[in-house]
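Protein chains: 4
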Amino acid sequence: MIVAMQEKATEEQIDFVIDAMVDAGVGVHRTTGASQTILAGVGPTASVDLSKFELLPGVLHVHRISSPYKLAGRGFRPEGTVVEFRNGVKVGNERVVVMAGPCSIESHDQIFETAARVKAAGGSFLRGGAFKPRSSPYAFQGMGISGLELMREAADAHGLLVVSEVMEISQIESMLPYVDLLQVGARNMQNFNLLRELGEVRRPVMLKRGIAATIEELLLSAEYLLAGGNYDVILCERGIRTFETYTRNTMDISAIPVVKKLSHLPIVGDPSHATGRRDKVPAMARATVAAGGDGLLIEVHPNPDRALSDGAQSLFPEQFVTLMDTLRVIASAVERTI
Amino acid sequence: MIVAMQEKATEEQIDFVIDAMVDAGVGVHRTTGASQTILAGVGPTASVDLSKFELLPGVLHVHRISSPYKLAGRGFRPEGTVVEFRNGVKVGNERVVVMAGPCSIESHDQIFETAARVKAAGGSFLRGGAFKPRSSPYAFQGMGISGLELMREAADAHGLLVVSEVMEISQIESMLPYVDLLQVGARNMQNFNLLRELGEVRRPVMLKRGIAATIEELLLSAEYLLAGGNYDVILCERGIRTFETYTRNTMDISAIPVVKKLSHLPIVGDPSHATGRRDKVPAMARATVAAGGDGLLIEVHPNPDRALSDGAQSLFPEQFVTLMDTLRVIASAVERTI
Amino acid sequence: MIVAMQEKATEEQIDFVIDAMVDAGVGVHRTTGASQTILAGVGPTASVDLSKFELLPGVLHVHRISSPYKLAGRGFRPEGTVVEFRNGVKVGNERVVVMAGPCSIESHDQIFETAARVKAAGGSFLRGGAFKPRSSPYAFQGMGISGLELMREAADAHGLLVVSEVMEISQIESMLPYVDLLQVGARNMQNFNLLRELGEVRRPVMLKRGIAATIEELLLSAEYLLAGGNYDVILCERGIRTFETYTRNTMDISAIPVVKKLSHLPIVGDPSHATGRRDKVPAMARATVAAGGDGLLIEVHPNPDRALSDGAQSLFPEQFVTLMDTLRVIASAVERTI
Amino acid sequence: MIVAMQEKATEEQIDFVIDAMVDAGVGVHRTTGASQTILAGVGPTASVDLSKFELLPGVLHVHRISSPYKLAGRGFRPEGTVVEFRNGVKVGNERVVVMAGPCSIESHDQIFETAARVKAAGGSFLRGGAFKPRSSPYAFQGMGISGLELMREAADAHGLLVVSEVMEISQIESMLPYVDLLQVGARNMQNFNLLRELGEVRRPVMLKRGIAATIEELLLSAEYLLAGGNYDVILCERGIRTFETYTRNTMDISAIPVVKKLSHLPIVGDPSHATGRRDKVPAMARATVAAGGDGLLIEVHPNPDRALSDGAQSLFPEQFVTLMDTLRVIASAVERTI
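One line per chain: the protein sequences are A, B, C and D, in this order. To convert, take the position in the first sequence, counting from 1, and add 2; that gives this note's numbering. To convert, take the position in the second sequence, counting from 1, and add 2; that gives this note's numbering. To convert, take the position in the third sequence, counting from 1, and add 2; that gives this note's numbering. To convert, take the position in the fourth sequence, counting from 1, and add 2; that gives this note's numbering.
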């Protein structure tokens with residue numbers, strides 16, 4: 003940590019800050035400039051509450067120097083993490099992995115037809131929600147575990163993996179028989195109790211960025227998972243909230259190269275939730291791959307106009323096929339396959 | 003709902019949209035202008051997914067006309083809701099209610115001393131966290147139920163009510179013996195399962211606005227509680243995330259008069275979390291009362307420099323006393339007491 | 003325009019609103035639903051100040067139905083605008099056009115070397131600033147017209163076009179001999195006096211989106227140019243301000259497909275200013291082309307480490323060459339060339 | 003400046019950074035921690051482009067330690083600036099100063115009636131726009147200099163001062179005979195050429211915060227004025243752009259105490275533009291005074307329903323009188339008068 007003193011800070015004030023740093027278990031190096039004194043603190047600063055120092059008399063600013071996350075940082079695994087699934091599919095490798103399916107599992111026919119379409123177009127994962135957190139209390143809330151059973155069957159019938167969202171600690175156990183990749187939704191990105199539990203589970207986790215979360219906060223949430231011993235973590239960019247309202251959220255494509263620099267974890271993009279509009283999904287899916295994303299999460303529905311939730315952002319199966327063809331060319335431009 | 007067609011929409015496109023509206027159970031009134039056709043849908047539109055219509059050919063925009071919330075709207079209770087507690091304290095009345103205490107309950111001495119200070123200065127509620135969701139996995143996580151026991155004792159000893167945060171459904175039952183007002187934190191504002199459970203409980207709930215939540219979304223979350231039959235709901239403004247980083251969040255003081263117009267529910271302000279800095283708390287507490295807030299949630303600690311969490315935003319007891327004196331004058335300006 | 007009345011609005015309130023609409027020159031169609039009355043206004047509503055109606059008693063919401071822009075709307079030129087330059091280069095066509103060069107023109111050698119590099123790599127425009135608005139009063143402020151002379155010579159020597167920023171009305175006249183495309187910077191997007199003057203000029207204009215401007219506001223600013231008779235307008239996405247601070251701004255890639263739907267004007271991307279960091283520029287340039295952008299504005303400097311301004315976001319010439327090769331493949335995936 | 007090296011930075015990388023710092027004219031102090039090396043740069047770092055260092059191999063973060071502004075910083079004038087006008091009115095003193103009037107000057111009667119009302123209610127300044135930058139090209143654009151003449155007469159007739167917005171360098175000279183306080187609008191906050199010119203003028207300037215500007219950027223813009231020798235600068239908070247759309251902008255009340263700490267310049271609030279709605283203006287005006295603002299800028303119109311611009315945010319004269327009475331009580335609570 004670095005404490006920059008105000009230009010007119012007195013020796014007394016400086017001594018008081020130094021004492022406070024030492025009290026907090028931090029070693030202090032002092033640099034006295036012509037107009038300003040700087041105190042560099044070294045040692046176990048990760049657990050120090052820096053904001054306390056901000057308020058001490060004579061202090062201008064306090065900066066954290068070391069990253070607040072350790073295990074999620076690039077330095078921990080410079081070569082990058084590759085998450086491998088039981089059928090050999092890998093995320094974080096040179097192949098861009100596509101996860102597709104409906105917002106909600108609705109019926110046997112719906113999920114089996116979708117599975118066939120996803121597989122045929124080149125997807126690796128079948129996605130679908132069993133528990134739907136809806137912002138209106140009057141909307142469809144999901145099929146629950148029976149939906150997961152259907153999705154597992156449909157996925158197995160076509161050699162696909164299953165990804166689905168876990169919303170509460172109490173659901174984890176019951177989902178494990180059906181799900182290959184446990185998704186943590188944007189609203190739960192800072193549900194630290196849930197993260198801690200998932201850190202104990204030996205099943206890959208996909209952590210979505212919250213709509214008001216910085217990249218640093220996303221990595222700090224990943225740290226919870228890694229700290230628990232679960233290193234199979236995939237991050238997901240799905241749009242942040244900004245003043246622009248034409249799209250539901252603003253997909254932060256630049257988060258992809260930023261995460262690639264700061265962390266060793268793979269990152270995928272979810273253009274369906276980011277835009278909320280089917281007609282914007284292909285452009286943002288292409289941008290995700292072009293920017294270096296490791297995969298895509300896309301909503302596809304055999305009949306979007308009849309979907310019980312989020313139909314407006316689901317692709318028609320034919321649109322998905324066309325998109326996949328385009329993505330293959332873009333992947334080749336960035337030395338990836340799909 | 004209103005569907006505005008594009009200027010060049012064809013009769014076929016218009017007919018297709020009308021059919022889709024009728025299919026969705028909505029009655030249609032058509033207005034044909036010189037350059038543009040407008041379709042007004044009446045009937046049970048609250049449960050219709052408007053975004054589907056946005057994508058139909060020839061459609062320019064779709065607008066929801068009725069509020070997506072009903073029970074939380076001003077029209078439901080034009081006279082305003084007053085939440086009454088067992089000792090007669092009322093929130094939403096002419097008296098501005100102050101809730102104060104430490105971020106975390108840390109020890110017997112800490113919470114008893116705080117309670118004495120809060121009561122002496124004119125506070126009505128003792129606040130304190132038992133379960134602390136911390137963004138770093140390496141920080142203090144709270145005392146749990148034993149902390150609540152201490153807080154209950156301390157509150158009773160001084161005639162105060164108790165407010166504390168509930169973070170999970172599983173905690174509700176165990177908190178009821180100790181807590182008069184169950185707080186839902188900003189991160190849980192859209193934890194709809196938790197809200198549904200709290201709607202069933204007969205205990206007042208304070209719902210904090212999420213840092214990325216619009217006022218409409220806050221009211222929609224309140225709707226979950228009301229729809230469950232729990233009408234004792236208090237809203238709380240605690241800052242939203244913006245591009246300004248000097249303060250932790252930007253406290254949206256204008257949310258207070260906006261909520262007063264749109265809803266019948268009381269609203270209080272939390273300047274401690276909104277600013278994250280002790281030296282900004284008094285100014286924002288004063289602004290809250292001046293803008294018409296029904297109460298305040300303020301962090302006070304007998305020794306902020308030694309607090310195990312959020313010390314930098316906790317007031318010293320003497321600062322709290324001074325602030326209360328100032329607030330009394332401001333309250334009188336807006337025809338309130340404190 | 004649509005006026006939605008509150009559920010409990012009285013007949014008197016409704017009549018008062020109808021009178022106010024008629025006074026404003028608007029024809030009114032009334033729809034009386036079971037619980038709510040809706041008033042649709044048709045006629046010359048573009049010049050009506052809707053916010054006045056919002057405050058009338060009994061009014062719930064007022065919606066603008068027609069776009070506030072006309073000439074910039076897709077309907078005005080469904081086939082799309084192609085801006086053609088004197089040497090035959092076209093923007094808005096199937097070829098993606100690249101504009102590259104230093105932030106500031108610094109010297110003869112700098113700009114001539116850059117021109118050679120830009121041309122060799124396949125660029126069409128040489129960019130460079132003559133007047134630099136710097137946020138610190140103590141920084142380099144640009145070479146002025148003598149810089150433009152140098153850039154014109156360098157561009158002509160290599161068959162390139164010239165794009166440079168105009169910051170004030172008084173500069174327009176003196177820039178015309180040197181510049182093929184007049185750039186309006188993000189800070190001037192709503193300098194309506196400047197826009198009005200540029201609407202009178204017969205020279206193409208590139209209008210950058212302001213960092214706090216919605217897409218609708220960008221199109222409304224373009225409307226000023228078109229209303230003056232200048233139809234050769236190119237839009238530019240260069241990042242918006244959000245809470246994420248790792249990148250200087252958040253590049254809103256989704257603005258590209260959105261503008262393509264709403265307007266007939268071409269849109270290019272500026273990844274250099276959007277990210278502010280050289281190491282993020284290639285990824286965002288690739289995303290721009292993948293998302294359907296009509297061109298790119300990229301900072302390239304023969305020696306970024308010695309640049310007098312914005313060196314950290316300028317590519318090294320070799321990086322630019324590599325990037326162009328990648329972009330060619332991506333362009334082919336979206337049926338474009340480069 | 004502080005350069006924090008990555009944990010695995012090599013000695014070569016560290017030496018390279020030290021050389022680059024020395025090249026930039028900065029003296030270097032090195033602190034070698036157990037896991038990380040920190041380089042503190044002292045000397046003339048205000049003019050150094052820190053972002054260049056961010057990109058050097060082995061660098062984790064670069065922090066600016068000293069404020070980028072000097073003259074606008076609190077340390078330059080710890081006692082605070084008081085701007086005194088020719089009739090003895092002072093801004094920044096214990097008296098809260100109120101500036102009120104219409105958005106646009108429209109006619110003799112309108113401005114004279116407003117002046118009488120403003121004076122009677124206790125205002126000190128008459129405000130009104132002569133040049134109106136409107137976002138739609140089809141709206142009323144202002145009366146120009148003849149409007150200023152009218153406003154000057156009206157102000158003199160009632161012993162008021164005049165504040166009006168200057169939008170371009172070319173307007174300054176012609177406005178000086180009529181205007182006591184030159185307002186720089188939010189859109190021009192970073193029009194550095196205009197600021198530089200105004201720095202040379204000997205007339206007080208009110209600088210409004212841009213809707214996407216941080217407090218630091220506001221102070222840096224003020225620095226331009228101060229650097230030119232004009233120390234009579236008043237800042238103005240008028241709302242920032244956030245994701246909340248119910249109010250036009252989100253008024254950042256906390257900017258008031260923040261500016262008071264960081265700078266010696268007075269700061270006033272403009273609740274009319276911040277909210278865009280008459281019914282929210284009183285609450286936000288009260289909050290401004292309660293938070294410690296030095297003044298208010300409020301739109302008042304004798305007949306808001308007939309105003310040619312911004313009628314929806316203008317108070318009726320009677321509302322203004324009532325508000326002023328309330329503000330007097332609030333001012334007393336914070337040891338001010340009005």
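Beta carbons are placed, not taken as given, at the ideal position from N, Cα and C, and that holds for glycine. Since this is a predicted model, take the numbers as computed values, not measurements.
With distances taken between CA atoms, residue 186 of chain A lies nearest to A:133 out of A:133, A:231, A:311 and A:257.
The beta-carbon distance between residue 268 of chain D and residue 120 of chain D, rounded to whole angstroms, is 20 angstroms. This is too long to meet the 8 angstroms contact definition. By the Cβ neighbour-count rule, residue 80 of chain B is exposed, with fewer than 16 other Cβ atoms within 10 Å of its own. Residue 16 of chain D: member of the alpha helix (DSSP H) spanning 13-25, first to last residue. Spanning the alpha carbons of residue 189 of chain B and residue 322 of chain C requires a straight line of approximately 43 angstroms. Among the residues facing chain C, residue 235 of chain A is not included, as its CB has no counterpart in that chain under 8 angstroms away. Taking 8 angstroms as the upper bound on Cβ-Cβ separation, chain B lies near residues 48, 49, 51, 53, 54, 56, 57 and 70 of the stretch 39-71 of chain A. In the DSSP assignment, residue 101 of chain B is bridged to B:127 and B:299. Counting along the chain, residue 65 of chain C sits inside the beta strand (DSSP E) bounded by residues 61-65. Remark: C-beta atoms of residue 229 of chain D and residue 73 of chain D approach each other more closely than 8 angstroms.
Residue 199 of chain C and residue 174 of chain C do touch by the CB rule: their CB atoms are close to 6 angstroms apart, below 8 angstroms. Relative to residue 163 of chain D, the option among D:196, D:169 and D:206 whose CA is nearest is D:206. Closest option to residue 170 of chain D, judged by alpha-carbon separation, among D:156, D:106 and D:195: D:195.
Distance from residue 242 of chain C to residue 254 of chain C at the Cβ level is roughly 5 angstroms; contact confirmed, criterion being Cβ atoms closer than 8 angstroms. Straight-line measurement puts the Cα of residue 45 of chain D at about 26 angstroms from the Cα of residue 106 of chain C.
The alpha carbon of residue 62 of chain B has as its nearest neighbour, out of B:252, B:41 and B:295, the alpha carbon of B:41.
Under the three-state reduction of DSSP output, residue 3 of chain C falls in the coil class, being neither helix nor strand. Bounds of the alpha helix (DSSP H) holding residue 201 of chain C are 194-202. In the structure shown, residue 49 of chain D adopts helical secondary structure according to DSSP, grouped into three states.
Annotated three-state conformation of residue 74 of chain A is coil, per DSSP. Rounded to whole angstroms, residue 283 of chain A and residue 226 of chain A show a C-alpha spacing of 31 angstroms. Legend: CB atoms of the stretch 262-274 of chain D lying less than 9 angstroms from CB atoms of chain B belong to residues 262, 263, 264 and 273. Taking a cut-off of 8 angstroms on C-beta distances, the stretch 296-316 of chain C does not touch the stretch 301-321 of chain A, as fewer than three cross pairs fall below it. For residue 170 of chain A, the residues of chain B that pass the 7 angstroms Cβ criterion are 195, in the order they occur in the chain. Distances from the CA of residue 32 of chain C to each of C:26, C:20 and C:25 were compared; the closest alpha carbon is that of C:20. The beta carbon of residue 108 of chain A lies closer than 6 angstroms to those of 310 in the same chain, with the five residues before and after it left out. Spanning the alpha carbons of residue 50 of chain A and residue 211 of chain C requires a straight line of approximately 41 angstroms. Listed in chain order, the non-local C-beta contacts of residue 222 of chain C below 7 angstroms within the same chain comprise 70 and 71, local neighbours out to five positions each way being set aside.
Listed along the chain, the chain B residues whose CB falls inside 7 angstroms of the CB of residue 245 of chain C are 243, 244 and 245.
Residue range 273-277 is occupied by the alpha helix (DSSP H) that includes residue 275 of chain C. Taking 8 angstroms as the threshold, the shortest C-beta distance from residue 33 of chain D to chain A falls below it. Look at residue 290 of chain A here: in three-state DSSP terms it is helix. Residue 89 of chain B counts as exposed, since fewer than 16 other C-beta atoms from the protein chains shown sit within 10 angstroms of its C-beta. For residue 251 of chain A and residue 58 of chain B, the gap between their C-alpha atoms comes out near 21 angstroms. In the DSSP assignment, residue 185 of chain D falls within the unbroken beta strand (DSSP E) covering 183-186.
Checking the DSSP bridge columns, you'll see residue 83 of chain A has no partner listed.
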